[in-house]
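Below: one structure, written as structure tokens.
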Amino acid sequence: MHTMTHSDELSLFTDVATMMADAARTVVRPWFRRDVAVDDKKDESPVTIADRSAERVMRAILAERLPDHGVFGEEFGHENAQAPWQWLLDPVDGTRAFVTGRPLFGTLIALCHQGVPVLGLLDQPVLNERWLGIKGQPTQFSSPIGGQPATRKNVALEAAEMSCTSPEMLELAPHTGWKTLKACAKRMTWGGDCYAYGLLALGQIDLIAECDMNPWDWAALVPIIEGAGGVITAWDGSPLQMEGDRTVLAAGSASLHQQAVATLQADR
């Protein structure tokens, strides 16, 4: 029997990730701006239908193509949790953006080996934009709008464009160092979800500090940010881990990242 080489394997996994993103895009897009949905309603709001349908089609593709892999999805939990290869799926990351008709949400697909992200895909179904990161390779980006997958270099903290999804998220922060970081940065923009990390990988944003992040929220972003020249860790600078403190700090360069880690710690 032919044993697959590492590159054959990665090529297969990339194909499967692309198939999943294509399928999710087809399922999610028709529900966008269909109705004014409220997060706390118990009925089948468009975002609920989009989330569940997209995760179902992605799981069906995995069951068919890579049945021995594990799957951990936001909607339907964990399957085959002991497998060394684990897919993490977030069909609609950015529920509030989706519900309010802003195309800043995304589908996140990650593949981890022994807990380390080796492949990450971020897809924006409405704008037809897609980021693909593979560990050790340059990030790939396709978009009808344009943009180059490379972070901004030589940006000092005081010149940095900073971003975070919401102030409410930071109320759950382990400490208030983010306030100092925000005060030191050039500007703070709110509301980006996973799309902000895509923009960081394009050099449009320099710094993101968030907390209360699940593994399916950050795993896909690691190869994308690193492959574009950036750094992504927990707030203390340690590698992101499945059982970590749920903080995420992304920066366009190692020097900016070091400054940000030091600033976050300074208040403690």
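When we follow this note's numbering, the leftmost residue of the sequence shown carries the number 6, and every step to the right adds one.
Ideal Cβ positions, reconstructed from N, Cα and C, are used throughout, including at glycine.
Since this is a predicted model, take the numbers as computed values, not measurements.
Each residue's CA atom was taken as its position, placing glutamine 153 and arginine 57 some 32 Å apart. The beta strand (DSSP E) runs of length 3 or more contained entirely in the stretch 63-125 are, from start to end of the chain, 75-78, 82-84, 90-98, 111-118.
Judged by their CB atoms, leucine 186 and cysteine 216 are not nearer to each other than the 7 Å cut-off.
Considered as a whole, the stretch 220-248 harbours 220-223, 226-232 as its complete alpha helix (DSSP H) runs of no fewer than 4 residues, in chain order. Rounded to the nearest angstrom, the gap between the Cα atoms of tyrosine 200 and alanine 68 is 28 Å. Under the DSSP definition of a beta bridge, methionine 167 partners with Met193, Leu212. Going by beta carbons, glycine 78 and leucine 94 fall inside the 7 Å limit. For glutamate 14, the uninterrupted alpha helix (DSSP H) run begins and ends at 11-33, by DSSP. Taking all protein chains shown into account, glutamate 163 has fewer than 16 neighbouring C-beta atoms within 10 Å of its C-beta and is therefore exposed. Distances from the alpha-carbon of aspartate 222 to those of Thr100, Met25, Pro89 put Thr100 closest. Under a 10 Å Cβ-count criterion, arginine 251 is classified as buried, with 16 or more other Cβ atoms of the shown protein chains found around its own Cβ. The C-beta separation of alanine 26 from isoleucine 150 comes to about 17 Å, leaving the pair out of contact by the 8 Å criterion. By the Cβ criterion, the stretch 133-141 is not in contact with the stretch 235-250, since fewer than three pairs of Cβ atoms, one from each stretch, lie closer than 8 Å. Isoleucine 139 sits in a strand when the DSSP states are folded into three classes. Rounded to the nearest angstrom, the gap between the Cα atoms of glycine 235 and lysine 184 is 22 Å. Spatial neighbours of proline 130 in its own chain (CB-CB distance under 6 Å, excluding positions within 5 residues in sequence) are listed in chain order as Arg30, Val33, Arg34. In the assembly as shown, histidine 180 is an exposed residue. Its beta-carbon has fewer than 16 other beta-carbons within 10 Å.
Between glutamine 119 and proline 96 the beta-carbon gap is near 25 Å, outside 8 Å, which marks them as no contact.
Around the beta carbon of arginine 39, fewer than 16 other beta carbons sit within 10 angstroms, so the residue counts as exposed. Inter-residue distance for glutamate 14 and glutamine 246 is about 24 Å (C-alpha atoms, whole angstroms).
Sixteen is the threshold: since fewer than 16 other Cβ atoms of the shown chains lie within 10 Å of the Cβ of arginine 192, the residue is exposed. Counting the other CB atoms within 10 Å of its CB gives alanine 165 a total of 16 or more, which places it among the buried residues. Between phenylalanine 18 and phenylalanine 103 the beta-carbon gap is near 27 Å, outside 8 Å, which marks them as no contact.
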